[in-house]
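All residue numbers for the sequence shown refer to numbering that gives the first Met the number 0, where the first residue is 0 and numbers rise by one.
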Amino acid sequence: MRNKICLLFILLGLISLILGIFLGLLSSIQYVIPEFIKAIVPFSHLRSMHTVCVIAWIILTGTGGVYYYISKDLPIYSYILLKIHFIIFLGAGILILISYLLGNFGGKEYLEFPPFLIIPILLGWVIFGINYYKTLIKKLDNWPVYYWMWGTGIIFMIYHLLEAYSWLIPSVNSNFIKSLTIQWKAGGSFVGAWNMLIYGTAIYLMSKIKHDDSIGRKFNYFFFYFLGLTNLMFGWAHHIYIVPTERWIRYFAYVISMTEWIVLFNIIYEWKKSVTIDIKKQHLLSYQFLKLTDKWIFLNIILALLVSIPAINLYTHGTHITVAHAMGTTIGINTSILLASVLYIISEFITISNFDIKYIGYKIFDYSLFFFWIILIIAGIYKSYWVQNNGMNSFSTLHQNLLWVYISFSVAGVGLFVGLLLIVIPLIKKINQIIYL
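And the structure:
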């Protein structure tokens, strides 16, 4: 089957996830033991490699899922372009990791690699867009909402990746406030763009697991799409409360920043109530990960609503609370949806046992992530209090006082790594089995 090419994206995504969590674990150990492998890979290199691997997990698995799902209804426009897309992303990823390992940096936050490497990444997204729209142009009538979400995500990803490199323009780079604002705008918005791919995948899964195609065409789902689109375009502003920008931008961002999650929480919650016991048994692990998504949306709504309040954001910005918010989103929400997607796709080829080592991994993953999240919040509160009362001159003392937190990071990191290994390794084996069937 030619759509097995789509599985290569997912396979590479799963490998990136394991590598990313492992690098994160090494980073947490360096917090506790600063000299740990510092001479080989310093923390600044580990952090960047960890970040890019986790982003690669989201992008590759989301992309592979979209390709696979649209190929079920229509033949992909060009399988040659599909192969080229995969090769480009694979090559770019290897070059980025090598550049980080060698300490060859040259970009802004989250995109610290040498600027020329954005060219193949953009080319890959353009190829994705061509293949996507050329495939679906054969079926223009009555698109379900997830088609719109995937297509919108691709277009905005291209735009905001270009925007992220506007700092190369002298007039932007010479103006610090303008450069910083655009940097955070682009960063926040390309997260919104990949969220379109992931949340569209969540709605697709809910539709197919329940065997109800009307789900993707209901009013509240399209309302969620337009709300997400608004969030994509304007929600980034809650990252820059401390930057002297127009007040209306801050107020507007505050109003809309969390509304998207509230609606998604309601959608998944209502869907869970409507799923029969037989359907739950048929897709138990996929269902469990979507259920876990709802839990993390709820927890992150509470945290994000609090840190979106400007008076609180002033104290929490740049602390471990920001990291807790990012972890809850990236691992708790996005990773849960993507693992549900991978499990669903594999189940279409071969039978998956629900109560095996993967379920044990699911439980370890769930508890470890929650422990990690709580520890980060505690550390953030403590750091904020310390900075306000002692100033940054006592940072070394602060670090010593937070040593127990860093040890807890490492313990939670081991739990996350083990839990994901128990889930992901069997999935990698099954995907390899499918590819070579």
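For glycine and all other residues, C-beta sits at the position ideal for the given N, C-alpha and C.
Only a predicted model underlies this, so the values are computations on that prediction, with no experimental measurement involved.
**Request:** Flag this pair as touching only if the stretch 365-372 and the stretch 406-414 have three or more C-beta atom pairs under 8 angstroms; answer yes or no.
**Result:** yes
**Message:** Just to confirm the assignment, what range does the alpha helix (DSSP H) spanning G227 have?
**Reply:** F218 to F233
**Message:** Please list the terminal residues of the continuous alpha helix (DSSP H) segment that includes G199.
**Reply:** F175 to K209
**Prompt:** Tell me which same chain residues have a C-beta within less than 6 angstroms of the C-beta of F348, skipping the five on either side of it?
**Reply:** I433
**Prompt:** Alpha carbon to alpha carbon, what distance is there between I126 and H461?
**Reply:** The structure shown does not extend to residue 461, since the chain is modelled only from 0 to 436, so the question has no answer here.
**Asked** Thinking C-alpha only, which one of S47, I345 and T62 is nearest F8?
**Response** T62
**L401 to Y224 span [Cα, whole Å]** = 41 angstroms
**Request:** To the nearest angstrom, report how far apart A339 and N2 are at their CA atoms.
**Result:** 19 angstroms
**Asked** Which term fits F218, buried or exposed, when burial requires 16 or more other beta carbons within 10 angstroms of its beta carbon?
**Response** exposed
**Asked** Among residues of its own chain, excluding the 5 on either side of E162, which ones have a beta-carbon nearer than 6 angstroms to its beta-carbon?
**Response** A185
**Item:** Check whether M148 and W124 have beta carbons under 8 angstroms apart
**Value:** no
**Prompt:** Does the pairing of the stretch 100-116 with the stretch 171-186 give three or more beta-carbon distances under 8 angstroms?
**Reply:** yes
**Best match in L420, G379 and Q399 for proximity to I363 [C-alpha to C-alpha]** = L420
**Message:** Taking the alpha helix (DSSP H) that L13 belongs to, which residues open and close that run?
**Reply:** K3 to V31
**Prompt:** When burial is assigned at 16 or more other CB atoms within 10 Å of the CB, is L139 buried or exposed?
**Reply:** exposed
**Prompt:** Taking the C-alpha atoms as reference points, what is the distance between D211 and L45?
**Reply:** 44 angstroms
**Prompt:** When the Cβ atoms of the stretch 321-341 are set against those of the stretch 199-208, are three or more pairs found closer than 8 angstroms?
**Reply:** yes
**Request:** Pull up the CB-CB distance for Q287 and Y361, whole angstroms please, since I reckon it's below 8 angstroms.
**Result:** 6 angstroms
**Request:** Please work out which residues of its chain come closer than 6 angstroms, Cβ to Cβ, to A323, disregarding the five sequence neighbours upstream and downstream, and give them in chain order.
**Result:** W372, L375 and I376
**Prompt:** Assuming G150 contacts Y164 under a Cβ cut-off of 8 angstroms, what Cβ separation, rounded to an integer in Å, is found between them?
**Reply:** That belief does not hold up - the Cβ atoms of G150 and Y164 are roughly 23 angstroms apart, past 8 angstroms.
**Request:** Would you list, in sequence order, the uninterrupted alpha helix (DSSP H) runs of no fewer than 4 residues that lie entirely inside the stretch 350-436?
**Result:** 356-389, 394-400 and 402-434
**Request:** Tell whether a beta-carbon distance below 8 angstroms holds between G12 and T60.
**Result:** yes
**Request:** Assign K382 to one of two classes, buried (16 or more other C-beta atoms within 10 Å of its C-beta) or exposed (fewer than that).
**Result:** buried
**Prompt:** Do you know whose CA, among L226, R246 and Y145, lies nearest I255's CA?
**Reply:** L226
**Asked** So what's K37 in DSSP terms, helix, strand or just coil?
**Response** coil
**Item:** Cross-strand partners of L160 (DSSP beta bridge)
**Value:** Note: L160 sits in no beta bridge, so no partner.
**Prompt:** With distances taken between CB atoms, is the gap from G128 to A192 smaller than 8 angstroms?
**Reply:** no
**Item:** Classification of N194 by the beta-carbon crowding that lies within 10 angstroms, buried from 16 upward
**Value:** buried
**Item:** Beta-carbon spacing of P114, G102 below 8 angstroms
**Value:** no
**Prompt:** How far does the alpha helix (DSSP H) with K71 in it reach, from first residue to last?
**Reply:** F42 to D72
**Message:** To the nearest angstrom, how far is the alpha carbon of F297 from that of G331?
**Reply:** 11 angstroms
**Asked** Are the beta-carbon atoms of Y145 and G215 separated by less than 8 angstroms?
**Response** yes
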